[in-house]
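Asker: The structure's right below; bear with me while I get my questions together.
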Amino acid sequence: MHPFPFSAIVGQDEMKQAMILTAIDASIGGVLVFGDRGTGKSTAVRALAALLPPIKAIKGCPINSAKAKDVPDWAQVSTKRAQDMPTPVVDLPLGATEDRVTGALDIEKALTKGEKAFQPGLLARANRGYLYIDEVNLLEDHIVDLLLDVAQSGENVVEREGLSIRHPARFVLVGSGNPEEGELRPQLLDRFGLSVEVASPKEIDTRVEVIKRRDAFENDNAAFMLRWQAEDAAIRDRILKARKSLTKLKTPEKTLIDVAELCLALGSDGLRGELTLLKAARAYAAWRDDTALTRAHVREVAPMALRHRLRRDPLDEAGSGTRVARTVEEVLG
Amino acid sequence: MANQSWTHATLALQLLRIDPGLGGICIRARVGPVRDRLMAMVDPDARRLHPAISDEALFGGLDLSATLASGHLVQEQGLLATPGTLILAMAERATTGLAARLAVALDKGKNHTLVALDEGAEPDECLNPKLAERLAFHVDLSDCCLADLTDAVITNKNAIAPRAVTMSGDITAQIARIADNLGIDSMRAPMFAIRTARAHAALNGRGTVIVEDLEIACALTLAHRATRMPEPETGEEPPAPPPDQESQNNTEESFDLPDELLLDAVRALLPDNLLDQLTAQKARAGRGNGTGAAHKGNRRGRPLPSRAGRISDGARIDIIGTLRAAAPWQTIRRNATGRAGLQIRPADIRIKRFEEKSDRLLIFTVDASGSSALTRLAEAKGAVELLLAQAYARRDHVALVAFRGTDAELLLPPTRSLVQTKRRLAGLPGGGGTPLAAGMMTAFEQAIQATRRGLTPTIAILTDGRANIALDGKADRKQAATDAQQIARVLRAHGTDAIVIDTGNRPEPALRNLAQTMDAAYLPLPRADAERLSKSVATALGD
């Protein structure tokens, strides 16, 4: 069964916007979706795959290399032909063992042929694509550490059982979770480019619409998919167009100062916040098909780019999103 | 007349058989004939899970012993690989991790049906909310007695596929309104209600959903999720019906019945102690299930006798135990196989076990303000020292926070060094204002860090409770009290254990309130010597 189409998700505009931005510019660094149960977090992330344009990769390459010379020598790939393939969106299940994530000795070959061969793991498959972790805050600590390391270096190194393998693993992290069930370490929080908080829609009309669409999806799947897949395709085309116009987009000095001032006023740790904010604002401008970056773009994406980078204040019950919004008002007026 | 929850339970099981997409049912009942009768109606091929089930058993994996024996790769199938009914016994013990794994499996829509048997004894001991959310039904059979039971397995031959059931768009709006009125935030609940209505119509061989289906659907899926008593709609018009209402032809039964009627169906089922339950849930948010404290990041453990088990990730083989288990069989095996040498079978494998216990961290938060210094600082110091000796015996970790003047200071980060703690404590000067909120805040930060490192923190606050410095360092008695209360609420929400020791000459009512807010033990100690203080603290901490 196809996942629920992205465009058919009612409301949740910030979450959808964040996902589109990261699809436009992968270097923004992924999305973290936090929210209550039953708000459509998982639905949205699973729907993301359909939005992503295909990539070119060497046929049969375990790490989806774009060029024949990048195919690792441990992978026995005979062909040099590249083909279109959907952008990989790899699910990292909670119970995944370290072996499955990084790759390990190919036990079948070791036992049957006595060969020492490398069996690539999820990180290899996610190269040049997306790595999706549902319930990211419940992930085992040692897997989190491993992910942090790879996300930082863009390279997966396996040194065990007499194997010494390294291969590129550049992926966009997409995570979702319910903060009530456990918090995420600040180190991992920071790795996500954007973060959004979702809540159930409050208006009765929206709620009715959500239920109606879900009902149609379940009971009249063919017609429903036909209608919404077209909408998804339209979004995909717009993403492609935005990717092109992103290169031509001008960044005025004035906006750079705005970004720096905003981050300074919020006291967000490190420069990563500033960079992400700038990239997100540029992607947003490209999505809106504007020619130059303005203060309005920065203002729009500031909450999602910065809210997870603030030092947590246990007394602030309003949440960090409000704090960002307040500071944006103060600094950018 | 048959007991209503029994009727609902049997009906729910039938609905699940018709539409597995409903996720499953949570049955709250202790082991007994009532539950056994109900379980007899569940699919006999159902597979059983238990809360400590390993990932390999769930998702499948390499069968190492079979692979080694046969020389080629043997993958074993996990329980989740094929769709079917799963029974989760002792569901209240399921950890968040297991709940998340099962939730993902249910989400993927592979037609798994989960029957969760919740045997919780206390109200806050219940199925993990994450999992409960994904099960359409919840029945409580604790009130059923044997006389109520009926063998109500109706196998209606006229049953049709739920997909074939039609439903007017009006119903959707109505269910959304009812869910909203009951304070149900999640969107899954109304979706389940609609599916249930369809399934119930299908069960009775009807092509369209009628009022009866709706009533039952609301009662089965919405009642147990309600977070507030439904408000009667006094004079207020219900939201305008969707415009497409008129365009519908009247082959379907009209649905102009008021929401009130359906709400009544739900209201009849709302538990009397709904509000109590809600406060209990709120108070312990984030902790709320019966899994017990997490054993994380342990560095020690008492070895327990090894036990027969399988080689899996993280398990350590007890070699002596394994050899001992294999020894008696050697002659027989040698005769059977004709091979010489040691022969070990998978059944011989013994796995090492350790008793794990989270290390405890005691965070002493000592009031060194002027008012305290005059009266009881010396006594408090003495008490802390005695407690330290006990902590040392238990190998607890200790941290020391002092607050005086305008700010709190972490005098000693978590340590096990008795000498160091004593030295810092002895050098603790007194005097200045009482920034209680700042002290609690520093202690709370330490507690959070400790939890992350796998320790179980307990905060012990020693103060005379006359807070007069607010968090921002200003001398404002009122603001100081408000700040302290606010942090107390945060502490409670976080579920940190705490104990408040009133070192004032007279018990301070404000301090008792504060202790109540953070759900902590309160010990007034007017005129106590250090030894008595230490004794009462030890009792309060439950040694």
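For the protein sequence lines, the chains are A and B, in the order given.
Numbering-wise, our numbering comes out as the position in the first sequence, counting from 1, plus 42.
Read in our numbering, the second sequence has 217 at position 228, and its numbers run on one by one without any break.
Using N, Cα and C, we set each Cβ at its ideal position, and we do this for glycine too.
Please read all numbers here as calculations on a predicted model, not as lab measurements.
1) Could you name the residues that DSSP lists as bridge partners for Thr102 of chain B?
2) Are the Cβ atoms of Leu236 of chain A and Ala347 of chain A separated by less than 8 Å?
3) Pair every Cβ in the region 110 to 128 of chain B with every Cβ in the region 146 to 164 of chain B, then say whether three or more of these pairs are closer than 8 Å.
4) What first and last residue would you give for the beta strand (DSSP E) that runs through Pro179 of chain B?
5) Is the CB of Ile149 of chain A under 8 Å away from at least one CB in chain B?
6) Under the rule that 16 or more other beta-carbon atoms within 10 Å means buried, what is Glu122 of chain B, buried or exposed?
7) Skipping 5 residues on each side, what residues in its chain have a beta carbon closer than 7 Å to that of Ile333 of chain B?
8) Once the 5 residues before and after Ala509 of chain B are set aside, which same chain residues still bring their CB inside 6 Å of it?
9) Measure the C-alpha to C-alpha separation of Gly156 of chain A and Ser218 of chain A and round it to an integer number of angstroms.
10) On a CA-only basis, which of B:Ser131, B:Gly86, B:His101, B:Ala329 is nearest Asp107 of chain B? Give me that one, please.
11) Listing by chain order, which chain A residues have their CB less than 7 Å from the CB of Glu122 of chain B?
12) Buried or exposed for Cys134 of chain B, please, with buried defined as at least 16 other CB atoms from any protein chain shown within 10 angstroms of its CB.
13) Any beta carbon from chain A within less than 8 Å of Leu171 of chain B's own beta carbon?
14) Lys101 of chain A by DSSP, collapsed to three states: which one?
15) According to DSSP, is Thr197 of chain B part of a helix, a strand, or is it coil?
16) Would Arg233 of chain A pass as an interface residue toward chain B - the criterion being a Cβ-Cβ separation below 8 Å?
17) Closest Cβ-Cβ distance between Arg170 of chain A and chain B: below 8 Å?
18) For a cutoff of 8 Å on Cβ pairs, would you count Asn198 of chain A as touching chain B?
19) Near Leu417 of chain B, which residues of its chain fall below 6 Å by C-beta distance, leaving aside the five closest residues on each side in sequence?
20) Does the distance from the C-beta atom of Ala432 of chain B to that of Ala459 of chain B stay below 8 Å?
21) Of the choices A:Ser242, A:Glu150, A:Asn220, A:Ala323, whose alpha-carbon is the least far from that of Gly172 of chain B?
22) Residues of chain B with CB closer than 8 Å to the CB of Glu56 of chain A, please, in chain order.
23) Name, in chain order, the residues that DSSP records as bridge partners for Asn198 of chain A.
24) Report the residues of the region 169 to 192 of chain A with a CB closer than 7 Å to any CB of chain B, ordered along the chain.
25) Which of the three DSSP states, helix, strand or coil, is assigned to Leu577 of chain B?
26) Find out if the Cβ-Cβ distance for the pair Pro95 of chain A, Arg278 of chain A is shorter than 8 Å.
27) Measuring CB atoms only, is the region 64 to 76 of chain B touching the region 24 to 41 of chain B, in the sense that at least three cross pairs come out at less than 8 Å?
28) Please state the DSSP three-state secondary structure of Gly204 of chain A.
29) So which residues of chain A does Pro179 of chain B contact, with C-beta pairs closer than 8 Å?
30) Consult DSSP for Met430 of chain B and reduce its assignment to one of helix, strand or coil.
31) Between which two residues does the beta strand (DSSP E) harbouring Ile490 of chain B extend?
32) Assuming Val343 of chain A and Leu374 of chain A form a contact by the criterion Cβ under 8 Å, report the distance between their Cβ atoms to the nearest whole angstrom.
33) For the alpha helix (DSSP H) that Ile309 of chain B lies in, which residues bound it at each end?
34) Just by C-beta distance, which residues in the region 95 to 109 of chain A are closer than 9 Å to chain B?
35) Could you tell me the boundaries of the alpha helix (DSSP H) in which Leu38 of chain B lies?
36) Could you tell me whether any Cβ in chain A is nearer than 8 Å to the Cβ of Gly86 of chain B?
Answerer: In short:
1) B:Thr74
2) yes
3) no
4) Here Pro179 of chain B belongs to no beta strand (DSSP E); instead the alpha helix (DSSP H) covers 177 to 192.
5) yes
6) buried
7) Thr311, Ala315
8) Ala487, Ile488, Val489
9) 41 Å
10) B:Ser131
11) Arg79, Gly80
12) exposed
13) no
14) coil
15) strand
16) no
17) no
18) no
19) Ala357, Ala391
20) no
21) A:Ser242
22) By Cβ distance, chain B contributes nothing, its closest Cβ being about 17 Å from Glu56 of chain A, past 8 Å.
23) A:His209
24) Asp176, Glu177, Leu180
25) Here chain B comprises residues numbered -10 to 532, so residue 577 of chain B is not present and cannot be evaluated.
26) yes
27) yes
28) coil
29) Arg249, Ile253
30) helix
31) 486 to 491
32) About 12 Å; that fails the 8 Å criterion.
33) 308 to 315
34) none
35) Per DSSP, Leu38 of chain B belongs to no alpha helix (DSSP H); it is in the beta strand (DSSP E), 36 to 38.
36) yes
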